[in-house]
Each structure stands twice: as structure tokens, then as C-alpha cells.
Amino acid sequence: MTTINKAAWLMSAKANPFEVADAPMPVPQAHEVVIRNYAVAANPVDTVQQDHGRLVNAYPHVIGSDSSGVIAAVGSAVTNFEVGDHVVATMDNIETQRASNGAFQFFSATKATLVGKIPHNIAFKDACVFGMAMNTAAAGLYQKENMALPYPTVPRKPNGKTFLVWGGSSSVGACAVQLAIGSGYDVAVTAGPNNADLCREIGAKWVFDHTKESIVDEIVGALKGSDFGGAFDAISKPDTLTKSGQIVSRLEGYKFLESVLPSRFPRPEDLASDIKFGQVWGLSPGNNEVGPAIWWDWVPHALADGSLKCKPDAEVVGEGLEFCQTVLDSWKKGVSGKKIVAKLL
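Positions 0 to 344 (numbering that gives the first Met the number 0) are the ones given, in order, by the sequence shown.
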């Protein structure tokens, strides 16, 4: 393993491409770990940072949120990770504004509460597909100010309730589906026809074609009479929020519509007044009890027994730091039912 760090640097606002150059070796703070990144993935927030010059306070900077690799160092207060552990991680450079906390480099530091162990039979390219997506889904499903669902367990404990995930084949949606199933729910999802099999593979009980005009009536008809546990809209565009809200309004049960929108977005005007509306910040689980509950207590065991699958599938575009730019450029061209990944080793 190399002990020299290099990074794909974002040299200035909206700079493209990244510049690959030497980088300082991260030193973990007390509650951090340092990871030798073996694979990194595209995340929408990365393009916000590069293309729009947002969420970066100073340059040069290293961005990137999703990675998987091997623990290279642990902070003085970290007791549940050791050097050599295989892990999946979310990098928190957006919060810390430190280049050492960006994923697009050989070695990165991040909070241990944003890191989960993975079995050695899981390839790094596959594990890196659900870092920020898992955090976002977990924030919406489990934080006290959001849906506050019961945490997932291995094995799962069925609760007889139903749940809806709009956009089940997206990265966040696939995580939300598997988390909700782990929490005991029977899950209905929406997806395009090409991604229906993916949704069934991750455990969805019902899959509805989101392109059909009758989709709201179809979902209500299928779930009517059940103990409905709420809805998670992993797409959160105006039309999907409207349709998800209509479904929640027409079903008996938990009147909660969770979105993936941050708090600066307003509540949809057409959402019924008796429906609670949730908004999330994808890094918040690292700052509360949700992060350890998911990354430490559930992810390793769910991966080991196969109840958590690394979905959507990784599409590797190349190997090396220079392909960090390719990862983002490929994502911006549009993807469906897959995650764009670069291998770093």
C-alpha cells in the first residue's frame, strides 16, 4: 500500500477538470478514521460543489462524498475500528471544509460515525455505491425530527405495516427500501419499467410503473386497508411530491411524507394540512445517534447475511484519480439504475 497521498484537487470555483497533485497525509482527529480509498462514487452534491461553486469556502479543495477502502489510521477516541478493517464511508468535507475530508484522494479522514465495516467478500467498487445515499435515507427514516421509524434489525422483525418509497431504483431510494424492510415494513416502490427487477431484487413487495397516469390509484388500491407507515420520496420533484402526498392523504395510517430536500425548500403548497413533511441534511446522522445505529449496528450484519445489497450496481469508468472527473461527467449525462464509480486501487 502506498504511503504517499495524492488528490484530485478542485483548484478554483467551477474549475474543470480536477488537477491531480500531491496532498498532505491526513491525520485523524480524535473521533475520525483515515481510510485508504480503493473506490469512489459520484454523488449529486459533488457536482454542486464543482459546477456551481457552492459548499466550498476556500480553494484549492478536495471534494467527493462516497468511498470504500481500508482503515489506515484511527483517532484516539475511536474504539470500534482497527487498521486493516474493510469499510464503506461518507466523507464530510462539506461540513468541515477541510481538504483532508474529501473522497477524491488516496487517503481521506472522516467521522467514525459515518463509517461501516464491510465483509471481505464484498468488492470495494460495489460497497462504495451507498455512502451518502444511506445517510440521506437514514436521516429521513430515523431521525427524531423526521419519521422516527424503529431501527432496522438483523434478522428483521415484521411489523405488518406497509410503506412507500417513490423512486426505489435511485441510490437513495434503494437504501430507503432496504432500510424500511429491515425495520419490518412491507415496501411498495415506484420505478421505471427497466428498473423493476432491481427493486424486486432488493426486496420490494410491490413495484409500480411511475410513467403510468393511473399510478396514484394503483398504489392506493394495492395498499388500501393496510396499516400504512408513511412515504419516502427519494426523487422529491414537484410532481413526485404531489403524487406521493396524494397517496399519503388517501391511505389510513401514518400521515408523513419524507423528502430528500434540505430545509431551505418550502413545504409543497398542495400537500394536505394533516400530513407532516420531512426534510433532510445527508450528513446529519454522523452528528447524532442515527449514524452509529445504522453504520455500526446494522450495515455490517445486513451485508453479511445478504439482507442489504450493494445497489444500484456500480459502473466502473476507470482506475486512477484522473477518473474522478470522468465519474462526475458521466453522472451528469444521466444515469438510471446504476452508480458511477472509479477505482483508485
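We put the beta carbon where it would ideally sit given N, CA and C, even for glycine. All values reported here derive from a predicted model rather than from experimental measurement.
Coil, strand or helix - VAL55 by DSSP
coil
Given that a residue counts as buried once 16 or more other Cβ atoms are within 10 Å of its Cβ, and exposed if not, what is ALA38?
buried
Label GLN96 either buried or exposed according to how many other C-beta atoms from any shown protein chain fall within 10 Å of its C-beta, with 16 as the threshold for buried.
exposed
For TRP330, report the span of its beta strand (DSSP E) as first-last.
First-last for TRP330: 322-331, but that is the alpha helix (DSSP H), not the beta strand (DSSP E).
Would you call the region 165-176 and the region 79-98 in contact, with 3 or more CB pairs under 8 Å?
no
Pairwise C-alpha distance: PHE129 and ILE117
12 Å
From PRO59, THR112 and MET90, residue whose alpha carbon lies closest to that of ASN36:
MET90
I think VAL114 touches VAL86, with their Cβ atoms under 8 Å apart; what is that distance to the nearest whole Å?
5 Å
Residue range of the alpha helix (DSSP H) that includes ILE234
Premise fails: ILE234 is in no alpha helix (DSSP H) and is neither H nor E.
Give the DSSP bridge partners of HIS85, in chain order.
VAL69
Taking the alpha helix (DSSP H) that ASP125 belongs to, which residues open and close that run?
123-126
Step through the CB atoms of chain C and report whether any lies within less than 7 Å of the CB of TRP280.
No chain C is present in this structure, which holds just one protein chain.
Which residue comes first and which comes last in the beta strand (DSSP E) that contains GLY181?
Run containing GLY181: none in the beta strand (DSSP E); it sits in the alpha helix (DSSP H), 170-181.
Whole-angstrom Cβ separation of GLY63 and PHE103, contact assumed at under 8 Å?
4 Å
Who are the near neighbours of LEU307 in its chain, counting only those whose CB is closer than 6 Å to its CB and skipping five residues on each side?
GLN177 and ALA301
Rounded to whole angstroms, what's the CA-CA distance from LEU54 to GLY252? Just pull it up for me.
38 Å
When you compare only the Cα positions, how much space is there between THR2 and SER272?
57 Å
Classify GLY333: buried if its beta carbon has 16 or more other beta carbons within 10 angstroms, exposed otherwise.
exposed
May I have the straight-line CA-CA distance separating GLN142 from PRO284, to the nearest angstrom?
8 Å
Supposed close pair GLU314, ILE339 - CB separation, criterion 8 Å:
6 Å
Closest by CA to ALA179, which one among SER235, GLY191, VAL164 and ASP125?
VAL164
With distances taken between CB atoms, is the gap from PHE276 to ARG266 smaller than 7 Å?
yes
How is TRP295 classed by DSSP in three states: helix, strand or coil?
helix
Between the C-alpha atoms of ILE234 and MET131, what's the straight-line distance to the nearest angstrom?
15 Å
Return the CA-CA distance between GLN151 and GLY181, expressed in angstroms with no decimal places.
First, the residue type needs correcting, since residue 151 is Pro and not Gln in the sequence shown. Looking at the two C-alpha atoms, the distance is approximately 4 Å.
On the criterion of 16 or more Cβ atoms from any shown chain inside 10 Å, does PRO192 qualify as buried, or is it exposed?
exposed
I'd like the list of long-range same chain contacts for GLY290, defined as Cβ closer than 7 Å, with 5 residues on each side in sequence excluded.
THR112, LEU113 and PRO284
Could you give the distance in angstroms between the alpha-carbon of PHE123 and the alpha-carbon of VAL33?
16 Å
Cβ pair ASN56, MET24 closer than 7 Å:
no
Measure the Cβ-Cβ separation of ASP65 and ALA40 and say whether it is below 7 Å.
yes
Note the first and the last residue of the continuous beta strand (DSSP E) segment covering GLU318.
312-318
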